[in-house]
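First up is the structure itself, then whatever we jot down about it.
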Amino acid sequence: MKTCLALFVLGCCCAAEAHIGSPNVFLEDKAGEYPVRVVIRPPNVVPGLAEITVRVQEPVQRITVLPVFWRAGREGAPPPDVARLVRGETNLYSAELWLMTPGAYSVDVTIEGSRGKGTLVVPVNSMATNTRPMSRTHVILLSALAAVLFLGGLKIAGAIFGESRLDPGALPTRKDRWRGRVAMALTAVVLSLLVFGGKKWWDFEDRNYRNNALYKPLPVSAQVRAEHDQPILKINVDASERRGRWTPLIPDHGKLMHLFLVHDGEPGAFAHLHPVLRSEAEFEVPLPPLPAGQYHGYADVTHEDGFSETLIATAEIPPASLAMKRLWLGNSAEPICSAAVAQMLATNLFFPPDPDDSWQMDSGASASSPQRKHLSQDAARQVADASGGYKMIWENPESMTKNLDASLRFELLTPDDQPAQIEPYMGMLGHAVVRRKDGGVFAHIHPVGTFSMAAQQFFVNGKPPKHSALPAQPGLLEQSSLAPELHGSHTNRAGVGVAGEISFPYAFPEPGSYRFWIQMKSQGRILTGVFDTTVTAMKR
């Protein structure tokens with residue numbers, strides 16, 4: 001067996017809701033009969049307050065929000081909070097909820113109105129991702145107060161032992177003054193020891209918070225080995241670094257892991273792969289014939305308790321052999337970008353790819369932008385060429401601003417410029433992968449939002465999947481008759497092909513240069529369009 005090594009190096013970013021640097025949760029769906037858009041901004045410290053906004057399209061009577069911790073279930077949840085109408089708005093409501101414990105939560109958004117009652121389950125991660133430094137003003141103020149208390153304590157000790165026994169109007173003797181000074185000296189020693197002990201305690205708590213409470217992605221290592229000349233990526237998650245245990249995973253869109261590989265060099269490349277589980281924390285996936293070079297890897301997983309996270313790494317991928325390229329691509333002059341098509345050619349692969357694997361490569365070194373992207377005659381739209389003559393159009397590429405809540409709208413056209421019939425791709429009408437070019441922001445988005453579908457299903461069903469080590473959680477949802485009420489309608493919408501257009505709810509969390517990949521499926525082909533944008537800071 002010929003082996004070549006490629007080391008995955010752990011990145012130091014923090015993930016949230018299966019994202020890097022993009023913690024806010026967006027959901028656009030229906031709660032019963034009410035179309036609704038929910039945005040949850042979780043706290044970056046725990047305990048902390050989560051900010052929730054709910055936008056409806058028609059007048060309603062009442063909106064409540066309920067935090068449900070995975071272990072406690074709905075029976076152990078506090079009473080729901082009532083969302084209040086935002087001043088000056090007619091259909092925007094807001095609320096705040098305390099998230100008291102690190103781990104997986106859901107927020108049950110319940111809407112009551114003339115068309116009855118509907119509830120939508122929004123999964124959210126509660127985890128500490130930041131430390132807040134004390135401001136200079138507070139440092140100066142608290143230091144001054146501490147000095148006053150210290151000196152005041154010395155003065156009080158001196159007065160007690162040097163002057164408390166004197167008669168009114170009597171002056172202290174030399175012995176009294178000496179006794180007071182000794183008391184002040186001893187008090188200074190005691191107070192200094194208390195200050196020293198307090199500092200040690202403070203440092204211990206700070207280290208404990210940073211090492212045990214502050215969320216950190218798990219280290220990931222990998223080997224690229226060649227079997228029968230086929231490169232296979234073996235991914236190992238170092239679960240020993242996790243406080244607690246690496247819990248089993250549950251499938252999201254039918255896959256235990258969604259791995260995204262991004263090549264920043266020329267030619268640019270992107271892959272959306274689905275490794276298979278070999279052991280508790282070991283995965284393998286066959287690599288398509290991607291250009292050689294360093295790749296940034298992002299692996300989305302959801303644990304059986306509903307907690308979702310993104311594991312991050314970089315990898316050096318070796319060049320594919322000419323024989324392997326022919327097995328994957330045949331005589332095609334165009335980079336085939338989905339395993340569903342490539343598998344018709346790759347009949348002799350040692351490790352067949354997942355049918356839902358897909359990848360994209362720039363057209364060539366002469367391309368100055370991905371897939372020879374160009375602007376259409378309408379300057380308000382941006383067009384990217386997909387494989388097979390298909391085109392993707394970004395309908396609203398106007399100026400993007402940090403934290404501006406918007407929908408990214410895209411249309412897919414056939415080679416003859418007609419709206420294409422979009423088919424479900426892993427249960428969704430589309431997938432979007434957003435990445436800031438320095439890697440500081442990463443998000444995997446669906447038309448219904450930025451959350452983990454597997455986590456939502458866990459909180460809807462109220463119990464982990466079969467063969468899980470976790471017991472069913474009482475009060476999550478043992479009455480199966482309530483499941484349709486708590487589940488959004490996106491599963492129904494995702495099963496019906498539509499002509500042409502989809503949108504993704506999102507808000508860019510930070511300014512900078514971004515690239516994102518839009519994936520849709522039509523006539524059995526998984527198509528990928530690549531777009532660039534620059535996000536500016538919010539104007540004050």
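Residue numbers for the sequence shown follow our numbering, beginning at 1 and rising by one. Beta carbons are placed, not taken as given, at the ideal position from N, Cα and C, and that holds for glycine.
State buried or exposed for F459, treating a residue as buried only when at least 16 other CB atoms are found within 10 Å of its CB. buried
Measuring alpha carbon to alpha carbon, tell me which of A454, A384 and G440 ends up nearest Q519. A384
Using the three-state DSSP reduction, which class does V60 fall into: helix, strand or coil? For V60, the three-state secondary structure derived from DSSP is coil.
Buried or exposed for S164, please, with buried defined as at least 16 other CB atoms from any protein chain shown within 10 angstroms of its CB. exposed
Helix, strand or coil: how does DSSP classify V496 here? Any reading at V496 is ruled out, since the residue's pLDDT is 40, under 50, leaving its predicted position unreliable.
Boundaries of the beta strand (DSSP E) in which K544 is found, first to last residue: One cannot answer for residue 544 here, as it falls past the ends of the chain, which runs 1 to 540.
Alpha-carbon to alpha-carbon, F283 and A222: 9 Å
Considering S143, what are the terminal residues of the alpha helix (DSSP H) in which it resides? R136 to E163
Taking 8 Å as the threshold (C-beta atoms), are G297 and L259 in contact? G297 sits close to L259, with the two beta carbons spaced by under 8 Å.
So who's on the other strand from R55, going by DSSP bridges? R37 and L92
Report the partner residues of G113 according to the DSSP bridge assignment. G116
Nearest CA to the CA of E51: which residue from V45, R41 and Q57? When C-alpha distances from E51 are compared across V45, R41 and Q57, the shortest belongs to R41.
So, helix, strand or coil for G388, using DSSP? helix
When DSSP builds the beta bridges, which residues end up paired with T536? T401
According to the neighbour-count rule (16 or more other Cβ atoms, all chains shown, within 10 Å of its Cβ), is H138 buried or exposed? Taking a 10 Å sphere around the C-beta of H138, we find fewer than 16 other C-beta atoms and assign the residue as exposed.
Answer with buried or exposed for I140, where buried requires no fewer than 16 other C-beta atoms within 10 angstroms of its C-beta. Its Cβ having fewer than 16 others within 10 Å, I140 is exposed.
Which of helix, strand or coil DSSP assigns to Q456: helix
Simplified DSSP state of M428, which is helix, strand or coil: strand
Find out if the Cβ-Cβ distance for the pair A269, Q360 is shorter than 8 Å. yes
Can you look up V46 in the DSSP assignment and give me helix, strand or coil? coil
Suppose the cutoff is 6 Å on Cβ atoms and the five residues either side in sequence are ignored; what does the same chain contact list for K521 look like? Within the same chain, K521 has close Cβ partners E423 and Y425.
Just grab the DSSP bridge partners of G512 for me. V535
Straight-line Cα distance separating V46 from G524: 45 Å
Around the C-beta of R115, are 16 or more other C-beta atoms found within 10 angstroms, so that it is buried, or is it exposed? exposed
Cβ separation of L218 and V237, assumed to be a contact under 8 Å, to the nearest whole Å: 5 Å
Flag this pair as yes or no: are the beta carbons of R62 and R37 separated by less than 8 Å? no
Apply the 10 Å Cβ neighbour rule to V190 and answer buried if 16 or more other Cβ atoms are within range, or exposed otherwise. exposed
Below 7 Å CB to CB, which residues in the same chain sit around N403 once its five sequence neighbours on both sides are set aside? A507, P509 and M538
Determine the burial state of P288: buried for a count of at least 16 other Cβ atoms within 10 Å of its Cβ, exposed for fewer. buried
Could you name the residues of the same chain whose beta carbon sits closer than 7 Å to that of P505, not counting the 5 residues immediately before and after it, in chain order? F26, E28, R37, S407 and G449
Please report the distance separating the alpha-carbon of S279 from that of L412. S279 and L412 have their C-alpha atoms spaced approximately 39 Å apart.
Do you know offhand how far K200's Cα is from W394's? 56 Å
Reduced DSSP category for A472 - H, G, I as helix; E, B as strand; rest coil: Its pLDDT being 43, under 50, A472 is placed unreliably by the model, and nothing is read from it.
Pull up the DSSP beta-bridge partners for A299, would you. L259 and L311
Limits of the beta strand (DSSP E) - the one that K30 falls within: Looking at the DSSP string, the run of the beta strand (DSSP E) that includes K30 is V25 to A31.
What distance in whole Å lies between the Cβ atoms of V535 and M400, which are believed to be in contact at a cut-off of 8 Å? Right, their Cβ atoms sit about 4 Å apart.
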